[in-house]
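The structure appears below as structure tokens.
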Amino acid sequence: MTLTDPAHTLAALIRCPSVTPDEGGALTTLSAMLVDLGFTNERVTFSDSDTPDVDNLYSRLGTDGPHLMFAGHTDVVPVGDAGAWTQDPFAAQIIDGEMYGRGAVDMKGGIACFVSALARLMTRRGAPAGSVSLLITGDEEGPGINGTEKLLAHAAAKGERWDAALVGEPTNPEQLGDMIKIGRRGSLSGVLTVEGVQGHVAYPHLADNPLRGILTLAKALMQPPLDAGNERFPPSNLEVTAIDTGNPSSNVIPARATARFNIRFNDIWTAESLTAELHARLEHAAKENGLREGREPVRYSVTLSERPSPSFVTRDTALIETLSAAVLEATGRSLTLSTTGGTSDARFIKNYCPVVEFGLVGKTMHMVDERVALTDLEGLTAIYEVFLERWFDSAKAG
Ligand SMILES: [Zn+2]
């Protein structure tokens, strides 16, 4: 049975050029493997305005509880500078013990290890006492509109319920066994606009330079710090990413200035409480600081992103401990529980069941010559196999 070999499984997936939004044969290849293991597949294509249609896969083995979900994506980012690759990005070449290919670690590799772990467990002990499902999207690296969020809602509407989920994104910074992600910071972006009065730089009393106001307001957003963090999260952080007037000239005072910013926030805040804090800071600073001494308050407006990502942390200690114990058993390493990094599809899954993230080493993801050590493929397969066995054993005992 070749499915027990993660390198074989991964090579087949890498050879499907599934750059978002193209399915590239990846979901079809994966579906066929899952059928061999006894899964029932459902392919779902989602559409929306102004974004490409995307194929997704929901596949389930078993009908009873407990029910474990493995979530991930088969789409990959573009090759980038094709001439800089030393190997064909869709050939799955093995050089010096490493397999090269786009998606090798992000995250066809994680999917291949999970399929192989399950195949090994089933060879050894038969099907798990419960259900396993794979929720695999083709829209994680792209707009993310026709992907995980819709697929979860689609499956839930058909009565699917899950007890826990594992996301196979690459979570280890350096070595297999470094890090499990047990939550993520939230993300909120905004655009701040300050209105001034355009004029000649030689006659500033007739004008109002909006840059004075925008600097004052931007500083008020940054200071004081939003919080000091807590035991699960680093401090929330606001970065101003651009300040602009669109003014190419050095003798014209511009009429208007805009500033863009993004906040990565921890679970001390919700998007709502953070929004209220931002408004309070801006209102206060605008009153205190006219564009000029003796002038009116700063005239400003602020637009915040309509769909901020919430912060979350998984409180299912049994799930975290089962995965930590599997990593320790398979690698001998004690890992860090982390909430760092960007957002991931776990932010949608957490609305349905507890979720943790653990996959390969992320060092080469999205880079030229993305590649994975064959020893890491073996290592992650071993970890997933122990995790599967223990999770079903403890869920049954509980
Ligand atoms: Zn990914």
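Residue numbers for the sequence shown follow this note's numbering, so the first one is 39 and each next one is one higher. All residues carry an ideal CB built from backbone N, CA and C; glycine is no exception. Please read these numbers as outputs of a predicted model, since none were measured by experiment.
Distances from the CA of Asp102 to each of Arg371, Ala167, Ser372 and Thr279 were compared; the closest alpha carbon is that of Ala167. Bounds of any alpha helix (DSSP H) do not take in Glu207, whose DSSP letter is neither H nor E. Setting aside the 5 residues that flank it on each side, Pro55 is surrounded in the same chain by Gly62 and Phe128, each with a C-beta closer than 6 Å to its C-beta; the list follows chain order. Cβ atoms of Ser274 and Phe303 come within 8 Å of each other, at about 4 Å. Spatial neighbours of Pro263 in its own chain (CB-CB distance under 7 Å, excluding positions within 5 residues in sequence) are listed in chain order as Pro273.
Put simply, the backbone Cα of Met145 is about 7 Å away from that of Pro208. Near ligand 1, residues with a Cβ at less than 6 Å from any of the ligand's heavy atoms are His111, Asp144, Met145, Glu178 and Glu207; the list follows chain order.
Under the three-state reduction of DSSP, Pro90 is assigned to strand. Setting aside the 5 residues that flank it on each side, Asp354 is surrounded in the same chain by Pro392, each with a C-beta closer than 6 Å to its C-beta; the list follows chain order. It is roughly 37 Å from the alpha-carbon of Gly121 to the alpha-carbon of Gly221. In this structure, DSSP gives Glu179 a state outside helix and strand, which the three-state scheme calls coil.
By the criterion of at least three beta-carbon pairs nearer than 8 Å, the segment 231-244 is not in contact with the segment 306-321. Taken through DSSP and simplified to helix, strand or coil, Ala258 comes out as helix. CA-to-CA, the gap between Ala49 and Ala130 works out to about 5 Å. Judged by DSSP secondary structure, Thr296 falls within the beta strand (DSSP E) whose first and last residues are Arg294 to Phe303. In terms of Cβ geometry, Val424 and Ala356 do not form a close pair [threshold 8 Å]. By the criterion of a C-beta distance shorter than 6 Å, Thr283 is surrounded in its chain by Pro292 and Ala295, once the five residues flanking it on both sides are discounted. Closest in alpha carbon position to Ser154, among Asp134, Ala420 and Pro59, is Ala420. With 16 or more neighbouring CB atoms inside 10 Å of its own CB, Ser376 falls in the buried class. In the structure shown, Tyr241 adopts coil according to DSSP, grouped into three states. A direct Cα-Cα distance of roughly 37 Å separates Ala323 from Ala384. Within the DSSP secondary-structure output, His317 pairs in no beta bridge. Around Ala193, the same chain offers Tyr96 as residues with beta carbons nearer than 6 Å, after the five sequence neighbours per side are excluded. DSSP places Ser227 within a strand segment (E or B) once states are collapsed to three. Counting C-beta atoms within 10 angstroms of its own C-beta, Asp119 has fewer than 16 neighbours from the protein chains shown and is therefore classed as exposed. Per the DSSP secondary-structure output, Thr78 pairs in a beta bridge with Arg98. DSSP places His111 in the uninterrupted beta strand (DSSP E) bounded by His105 to His111. Inter-segment contact for the segment 209-217 and the segment 175-189 is absent: fewer than three beta-carbon pairs are separated by less than 8 Å. If one requires a minimum length of 3 residues, the beta strand (DSSP E) runs lying completely within the segment 326-394 are 337-342 and 374-376, in chain order. By the beta-carbon neighbour count (other beta carbons within 10 angstroms, threshold 16), His317 is exposed.
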